[in-house]
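Everything on this sheet refers to the single structure shown next.
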Amino acid sequence: MPSAMKGPAGPGFRTTSARAGSLEKGLRVAGVTAAENFAVLRAPRLRGRRTGRSAMEFSLTIERLAPAGKFVRAGEVVAEFDRQYMQLRLDDYLARVEQEGRDVSRLKANLAVRRAAHTQLVIRARGEMEKAELDLKKIPILSDNEAERYRLNYGEAVENYKEVRSRTPFVEVSEGAAVRRAELNYKEAELELARAQRHVDQLVARAPIDGMVVMLTLRRSGERAQIREGDQIGSGQPYMHIVDVREMVINADVNQVDAQHVKLGMEASVRFDAYPDLELPARVIAVGAFANQTGWRGSYVRNVPIRLKLERTDPRVIPDLSVSADLVLQKAEDAIIVPREAVFGDGDEQYAMVREGPGSWQKRPLEIVLENNVEVAVASGVQAGDVLAAEWPGENPEVLTN
Numbered sequence: 001m002p003s004a005m006k007g008p009a010g011p012g013f014r015t016t017s018a019r020a021g022s023l024e025k026g027l028r029v030a031g032v033t034a035a036e037n038f039a040v041l042r043a044p045r046l047r048g049r050r051t052g053r054s055a056m057e058f059s060l061t062i063e064r065l066a067p068a069g070k071f072v073r074a075g076e077v078v079a080e081f082d083r084q085y086m087q088l089r090l091d092d093y094l095a096r097v098e099q100e101g102r103d104v105s106r107l108k109a110n111l112a113v114r115r116a117a118h119t120q121l122v123i124r125a126r127g128e129m130e131k132a133e134l135d136l137k138k139i140p141i142l143s144d145n146e147a148e149r150y151r152l153n154y155g156e157a158v159e160n161y162k163e164v165r166s167r168t169p170f171v172e173v174s175e176g177a178a179v180r181r182a183e184l185n186y187k188e189a190e191l192e193l194a195r196a197q198r199h200v201d202q203l204v205a206r207a208p209i210d211g212m213v214v215m216l217t218l219r220r221s222g223e224r225a226q227i228r229e230g231d232q233i234g235s236g237q238p239y240m241h242i243v244d245v246r247e248m249v250i251n252a253d254v255n256q257v258d259a260q261h262v263k264l265g266m267e268a269s270v271r272f273d274a275y276p277d278l279e280l281p282a283r284v285i286a287v288g289a290f291a292n293q294t295g296w297r298g299s300y301v302r303n304v305p306i307r308l309k310l311e312r313t314d315p316r317v318i319p320d321l322s323v324s325a326d327l328v329l330q331k332a333e334d335a336i337i338v339p340r341e342a343v344f345g346d347g348d349e350q351y352a353m354v355r356e357g358p359g360s361w362q363k364r365p366l367e368i369v370l371e372n373n374v375e376v377a378v379a380s381g382v383q384a385g386d387v388l389a390a391e392w393p394g395e396n397p398e399v400l401t402n
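FYI, our numbering numbers position 154 of the sequence shown as 154, with every residue one higher than the one before it.
So this is what it looks like as structure tokens:
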């Protein structure tokens, strides 16, 4: 049964009161802002056969850049690289394609001439062989010496014909190889020409999506500095992000002990270090499957990455701002809220001291449904407006049973 007690409550004795409302149990995490949708612009990867014209043939020097922070539309030019050397390379291969094309035509004509000449040679050798064969019919009326000479002429004509005919495949192979080699050179020149044309086009970069320009950094004079016009960067090196600031996320980490309480869809309130007056609602959209070690802390300390999406944005919110997010782990609606300092007892029995009158306090057991670091929500025991002791009412209180 509830009990009452009397005890001193001198000057400075602290009291508090119960209220009706909602209570949230939260978890605070730190993170940084990022764009959910963004595009990474990289320097074009320039490849191809070196022509020896210049060591700067494949250099990438930035001639023009869109200013950082500018909002650009998809298709708008945001960067241009020096195209002088690549344009010269394009001109070289344009001339080479024309020259290689002429070489192929010349070699094909030479092959036709060589083939025709060899065909005539074969015809002539066969004619001489046939003539020598006819001369053999004169042997019966010739002397032995003349007959032997005709036989020798015929044998020589036959061997000559065979030898000429045997060279036919080699003529085809020799001239065909020359033509094939020229055709390959022509094809290579065509490929290099097309590649050079692509490179010339790639040296003008356009925004793939609508968004804000965020410039990356490089090391200049021993320090990290923002990329600017006149810088020379490497092939394939990222130099700019185009970020869609209309949809922003928070990348944060939560201790592995607390990660079990974080669920998809949880609500959160996000505050920005750069703008103390700005608070935006967010919701958990991703929880990492594995824990990561961060920083220089001991290897036994692990954090789990999580991602929150801002449900409302602000023009001041840009990528890489440091933030804190308060996750709502649990929430009690329409409950009686009691400050923790007014809760006495231990886990087995917790109660509050409710003032009944001047110097009179009643001990009431509490049915706690939710608690956080500063308040508890109760289902029974006190009512909204009850005055509660924020410290023990007396050194040696006299407990009176009703």
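Backbone N, C-alpha and C define an ideal beta-carbon position, used for all residues, glycine too.
Your pair T15 and E341 does not check out as a contact, with CB atoms roughly 10 Å apart and the cut at 8 Å. For S324, the enclosing beta strand (DSSP E) starts and ends at S322 to P339.
Nearest Cα to F58 within the set R355, D386, I233 and E349: I233. Counting only the Cα atoms, P319 lies some 40 Å from L88.
Of all alpha-carbon atoms in P305, E367, R47 and K131, the one lying nearest the alpha-carbon of L191 is that of R47.
Here the C-alpha atom of L41 lies approximately 32 Å from the C-alpha atom of V97.
Contact between the segment 234–250 and the segment 309–324 is present: three or more C-beta pairs spanning the two stretches fall below 8 Å. Inter-segment contact for the segment 193–212 and the segment 99–113 is absent: fewer than three beta-carbon pairs are separated by less than 8 Å.
When only Cα atoms are considered, P339 and S360 end up about 20 Å apart. Cβ-Cβ separation between V254 and V29: approximately 5 Å, consistent with a contact (criterion under 8 Å). Excluding residues up to 5 positions away in sequence, S17, A18 and V354 lie with their Cβ nearer than 7 Å to the Cβ of D386 in the same chain. Burial is judged here by how many other beta carbons sit within 10 angstroms of a residue's own beta carbon; H199 has at least 16 and is buried.
A straight line joining the alpha-carbon of A43 with that of Q226 spans about 15 Å. Note on T33: 16 or more other CB atoms within 10 angstroms of its CB, so buried under the neighbour-count rule. The C-beta separation of A282 from L308 comes to about 4 Å, placing the pair in contact by the 8 Å criterion.
R228 and F81 have their alpha carbons spaced roughly 12 Å apart.
Taking all protein chains shown into account, G69 has fewer than 16 neighbouring C-beta atoms within 10 Å of its C-beta and is therefore exposed. For A252, the pairing in a beta bridge is given by DSSP as G31 and I306. Under the criterion of beta carbons closer than 8 Å, I306 and A286 qualify as touching, at roughly 7 Å. DSSP places P238 in the uninterrupted beta strand (DSSP E) bounded by P238 to V243. Nearest in C-alpha terms to K108, of all of A147, G127, N145 and E172, is E172. Secondary structure of T15 (DSSP, three-state): strand. Counting only the Cα atoms, L90 lies some 52 Å from K162. Distances from the CA of Q84 to each of D201, G21 and G75 were compared; the closest alpha carbon is that of D201. Per DSSP, the unbroken beta strand (DSSP E) holding S360 starts and ends at S360 to P365.
T217 is bridged by DSSP to Q226.
Taking 7 Å as the cut-off, the Cβ atoms of A377 and L388 do not count as close. With a 10 Å radius around the Cβ and a threshold of 16 neighbouring Cβ atoms, V374 comes out exposed. Within the model, the alpha-carbon separation for I336 versus L366 is close to 11 Å. Excluding sequence positions up to five before and after Y351, its CB lies within less than 8 Å of the CB of V343, F344, G345, K363, R364, P365, L366 and G381, all in the same chain and listed in chain order.
Per DSSP, A68 lies in no beta strand (DSSP E) segment and is marked neither H nor E. When secondary structure is reduced to three states using DSSP, V257 falls in the coil class, being assigned neither helix nor strand.
For G357, the uninterrupted beta strand (DSSP E) segment begins and ends at Q350 to G357.
In this structure, F38 sits away from M212, with a CB-CB distance that is not shorter than 7 Å. DSSP places A178 in the uninterrupted alpha helix (DSSP H) bounded by T168 to Q202. Here E146 is exposed, its C-beta having fewer than 16 other C-beta atoms within 10 Å.
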